[in-house]
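Down below is the structure, laid out as structure tokens.
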Amino acid sequence: MTDTDTIGQASAKHQPRPAHSSSDVPVTCCDPQVPPAAESIVGRCEYYYRPLHDEYVKKTGVSTWEAVKAWATKWNPWDDAEVARRLLMNRDKLIQADSSDGDWSRHANFMVRHRGCTHVPPAYYVSYGYYYCSTYGTKLMPRLRPLGQKWLSDARKLLQRNMEKGLKDNMDGDIINVPCKTAPNRGMNNIPCAHLKLEIDEDKKITFKEFAFKTHAPAYLDAGLADLHMTDLRKIGMQPNIEEWGDIDTWEQAIDSGAEVVKRKIMTPGQTAKETLEAVADVVDDLVGNALRSLTKVFR
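This is the structure we're talking about:
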């Protein structure tokens, strides 16, 4: 017989015949194999997380980014019994490769693969992934020129494809490669990561958040960041929340992307190097100034 005591965890009693005594046998699920996402979901914000939990919806409606980020690292999505039950009842569809189920997300897929164990979904799925995907779509997209809007849509899809590539590499072995076509030196080249350990954050060589951030520059550049007008570059660069500039990973992706943009702009036909550098300097000045002001607030 089985007895489900807690959502996400079950226990069973094994009673050998003809003995009359029974013993408890814990039943858990801890599946590190990450199935690929359906192509139809790649490029959508729901890829990371679908806002099924009321706690998340309320948190993001009233809290600062820093509060959301801190909360996401401690949040236990199993505490919402209604959502947990809904996902478990639909588990077979949520764990399928290329699932098109309406509740599927990387976050939900992780939940149904890890029940009753100590593993929790990467905080990146809810905080950086879903939060920024949604924020850029609602606040930044309308302010960009048509080419900038196309870039944002393409970059979002490439970010998620890069994540899929890294997760697949980790399923196959212990080396991750996420190439950058436009700037090969900005890709993730032969990054070591313990086999099957990336998503459960048990590898000290690289955390899931570090991996995810390293996929940003290749996505931004391959989507055509260097081809955008300076006004769009300024708007994109100013978009991250001020608290995030205190994170070294934010600086690294900004530097990697910005270096290639400067290099590309200098070689633009019909524009002198001096004119290009002056224009880029204006953008960089805005970004650095914003970053320094942000750091002052973060470390005050």
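Quick note on the numbering used here: the sequence shown kicks off at 2 and runs consecutively. The C-beta atom is built at its ideal place from N, Cα and C for all residues, glycine as well.
Asked	Found
Since Pro-180 and Pro-219 should fall inside the 8 Å C-beta cutoff, what is the C-beta to C-beta distance between them, to a whole number of angstroms?	7 Å
Skipping 5 residues on each side, what residues in its chain have a beta carbon closer than 7 Å to that of Arg-157?	Gly-44 and Cys-134
Indicate the three-state DSSP secondary structure (helix, strand or coil) for Asn-77 in the structure shown.	coil
Out of curiosity, what's the CA-to-CA distance linking Cys-31 and Cys-118?	6 Å
For Trp-76, collect the residues of the same chain with a Cβ closer than 6 Å to its Cβ; drop the 5 residues on either side in sequence, then sort them by chain order.	none
Short of 6 Å in beta carbon distance, which residues of its chain neighbour Leu-53, apart from the five on each side in sequence? Order them along the chain.	Val-84
With Leu-222 and Ala-184 assumed to form a contact (beta carbons below 8 Å), what rounded beta-carbon distance in angstroms separates them?	5 Å
Report the rounded CA-to-CA distance for Asp-25 versus Asp-55, giving the unit in angstroms.	Only weak support is given to the placement of Asp-25: the predicted model assigns it a pLDDT of 48, under 50, and the value that follows is read from those uncertain coordinates. Distance between the alpha carbons of Asp-25 and Asp-55: 34 Å.
Are at least three pairs of beta-carbons, each pair with one atom in the region 150-165 and one in the region 222-233, less than 8 Å apart?	yes
Consult DSSP for Arg-116 and reduce its assignment to one of helix, strand or coil.	strand
Looking at the strands, I want to know which residues DSSP matches up with Pro-143.	Beta-bridge pairing links Pro-143 to no other residue.
Measuring only the C-alpha atoms, how far is Gly-103 from Val-113?	15 Å
Considering Cα atoms alone, identify which of Asp-233, Arg-265, Asp-257 and Ile-207 is closest to His-217.	Asp-257
By Cβ distance, which residues of its chain are closer than 7 Å to Arg-162, with the 5 residues on each side in sequence left out?	Val-43
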